[in-house]
Structure formats: C-alpha cells, structure tokens
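Working notes, structure below.
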Amino acid sequence: MSELATFMAAPAAACIILAVVFSYFGVHVLKREIVFVDLSLAQLAALGTTVAYVMEIELDTGGSQALSLAFVAAGAIFFAYIRFLQSKVPHEAIIGIVYVVGASLAILIVNRAPHGAEHLKNLLDGSILWINWKGLLQLTVVVAMVSLVHWRFRERFFKLSREYKNSKGPGNSQTLWDFVFYLSLGLVIVSSVRTAGVFLIFTLLIVPAVCGALFFDTMTRQFAAGAVLSVLVSVSGLVVSYLFDQPTGAVVVSCFGLAFLAALIARRFMAFGNR
791 MSELATFMAA PAAACIILAV VFSYFGVHVL KREIVFVDLS LAQLAALGTT
841 VAYVMEIELD TGGSQALSLA FVAAGAIFFA YIRFLQSKVP HEAIIGIVYV
891 VGASLAILIV NRAPHGAEHL KNLLDGSILW INWKGLLQLT VVVAMVSLVH
941 WRFRERFFKL SREYKNSKGP GNSQTLWDFV FYLSLGLVIV SSVRTAGVFL
991 IFTLLIVPAV CGALFFDTMT RQFAAGAVLS VLVSVSGLVV SYLFDQPTGA
1041 VVVSCFGLAF LAALIARRFM AFGNR
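The working numbering numbers the first residue of the sequence shown as 791 and each following residue consecutively.
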C-alpha cells in the first residue's frame, strides 16, 4: 500500500489540480455555450507539439512548448475576433471547424514520421500516470499564475460569461477580455496536453460542469460541485487504471461517463420526487 501511495502521489496531485482548474473553466465555457473551444485549443496545442516532433525538437522542452503556445495564441486571437466578424454562423460551428482542420493537419504532418501513429495516440490519450514531480511543479506554476489572473479579475470574467449571448457587437475591451480568457485556458492546456491528453482535458472541462449544472443554477455552485466530483472521479479512475493495468486516459474518461450517467439518473429521480 505504501508503494502504491508513493507511486500515485504525483499523478493524483496532477489530477486534483487539473480537475479543479478545468471545472472552473468548464462553467464559463458552458455558460458561453462554446463547449468545443477546449477541444479546439487542445488540438491546436497538439498540432504545435506535432510540428515540434517532426522538426526533431525534443518534446517537453522550451522549444516544443513555445510552438504549442504559438498555435494556441493564434487560436485565441481568432476565436476572440471571429465572433463579431461573422455573425451569421454560430461561434460553436467555427470552433468545430478549427478542431477538425487542426486534427487533420496533425495527421498529415506526422504521416511519414517514425512512430507517428504512436505520437498521435499519446497526445489523445495522455500519460498522466507517469508524471513526475518536476512536471507537476511546472504544471502547478502555470495553473497558479492563471488562477491569480482569474481571481484578480473574477467579477469581470463572470460578468462576461453571464452576458456572453447578449453581446451585440465588437468592442475593444470585450474582445481583449475574450482573448485573455482563451489564452489563459490555452496556457493550462499547453502545460497539460502531453500529460493528460486531448480526450481527458475535454472531459475534465465539460463533464463536471454539466453535472454541476444539472443540480445548481449559479456558476459558483456549479463550479464547487463540479470540482468535488471531478477530483473524486479522476483520482478513482487513476487508481483503477493502475490496478488493472489499463490506459489511464481512457479509464478516467470512462469513469466520468459513468458519473455523468449516474448524475442524469439522480436528477431524474429528483424531478419525480418534486412532483
């Protein structure tokens, strides 16, 4: 048991950190009705990592992360400005297009690279079970910096999310804060995509927020409920994947699927009970 606790300490800590920060971003994304933005930004980060891979830049180095951040920053600028420049097309549709194009480009770029298929699989599924203390420290620093910014300007971020659908037109201030929101989310994604994987990142962002929204109306309560659920499910999935020697990302995502199903059933029973 002591060996298990020692081995799982860093991965469990990473799960807790990611569970909380993505639950926070999740309630904002859900309120803005742009649920695929995380998936698109994660895919852009993965695309940057893939470019670094074929350029033979060692992964998890400054050069690799700089490329990922450059792609994510470009996506953040695009998402912040395109919402008002093209009003006839839903913002979510444009975000989805960015995701599928980014995924296709990654496949094309890595197609002839040695072990290219394995590289893409690792980006999708991640390897959070093998994160070390150095990687955890780097993740913690990035999340702490992003958290400080969002705490300092929390009222503005919450106000923009609540009024997102009622925004009438472009404004320098609003576009700037949209960019800050996307970029800060992107920073967390860049620091975690190699570890957690695209699928787990999307799951951590959306499923806890949706489960929280099933039972609570305010964003703060949705965040609190989602964060608690996310921590419990992600750590449990981590342990299950280790004990049964199964892919960690896939196991944790599947556990979240079961949790979401349980939340739907519980909400249904509560609705019957209130009649």
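We put the beta carbon where it would ideally sit given N, CA and C, even for glycine.
Asked	Found
Give me the Cα-Cα distance between Leu995 and Gly987, rounded to the nearest whole angstrom.	12 Å
Report back the beta-carbon spacing between Val970 and Ala809 to the nearest angstrom; my notes put them in contact at under 8 Å.	The pair is not a contact, with the Cβ atoms about 23 Å apart (cut-off 8 Å).
Kindly indicate the opening and closing residues of the alpha helix (DSSP H) around Val888.	881-900
Just reading off the alpha helix (DSSP H) that Lys924 is part of, what are its end residues?	923-942
Just the C-alpha distance for Ala999 and Gly852, rounded to the nearest angstrom, thanks.	32 Å
Taking the alpha carbon of Pro801 as the reference point, which residue from Ser974, Ala1015, Ser1031, Leu1048 has its own alpha carbon closest?	Ser1031
Give the secondary structure of Glu908 by DSSP, where H, G and I count as helix, E and B as strand, and everything else as coil.	helix
Taking Phe992 as part of the alpha helix (DSSP H), name the residues at either end of that continuous run.	988-1005
Does Ser894 pass the burial test, meaning 16 or more other C-beta atoms within 10 Å, or should it be called exposed?	exposed
Give the straight-line distance between the Cα atoms of Met798 and Pro1037, rounded to the nearest whole angstrom.	15 Å
Between the alpha carbons of His909 and Gly892, how many angstroms are there, rounded?	15 Å
DSSP on Lys878, reduced to helix/strand/coil?	coil
For Phe1013, report the span of its alpha helix (DSSP H) as first-last.	1009-1033
Quick one: Cα of Glu846 to Cα of Ala896, how far?	15 Å
Just curious, the alpha helix (DSSP H) that Gly916 is in, first and last residue?	Gly916 -> no alpha helix (DSSP H), and no H or E assigned at all.
Starting from the Cα of Phe815, find the closest Cα among Gly1047, Val879, Val888, Gln1012 and give me that residue.	Gln1012
Alpha carbon to alpha carbon, how far is Pro904 from Ala1057? Give it in angstroms, no decimals.	The sequence given here places Arg at residue 1057; Ala does not occur at that position. If you take the alpha carbons of Arg1057 and Pro904, they lie about 49 Å apart.
Near Val844, which residues of its chain fall below 7 Å by C-beta distance, leaving aside the five closest residues on each side in sequence?	Ile899, Val900, Ala903
Using only alpha-carbon positions, find the residue among Val1042, Ser1044, Phe1005 that is nearest to Ala1061.	Phe1005
Would you mind stating whether Leu849 and Thr839 have Cβ atoms separated by less than 8 Å?	yes
Kindly indicate the opening and closing residues of the alpha helix (DSSP H) around Thr851.	From DSSP, Thr851 is part of no alpha helix (DSSP H); its letter is neither H nor E.
For Val1041, name the three-state secondary structure that DSSP assigns.	helix
Just how far apart, CA to CA, sit Leu990 and Phe869?	22 Å
Which one of Ser963, Thr796, Glu953 has the shortest CA to CA distance from Ile921?	Thr796
Tell me the rounded alpha-carbon separation between Ala866 and Arg946.	18 Å
Roughly how many angstroms lie between the CA atoms of Phe861 and Ala835, to the nearest whole one?	6 Å
Pull up the distance between the alpha-carbon of Ala1040 and that of Arg984, whole angstroms please.	15 Å
Looking at C-alpha atoms only, which residue of Thr930, Lys949, Lys924, Val932 is the closest neighbour of Thr1010?	Lys949
Keeping to the same chain, check which residues put their C-beta closer than 7 Å to that of Gly1016; ignore five residues upstream and five downstream.	Ser813, Gly816, Val817, Pro998, Ala999, Cys1001, Gly1002
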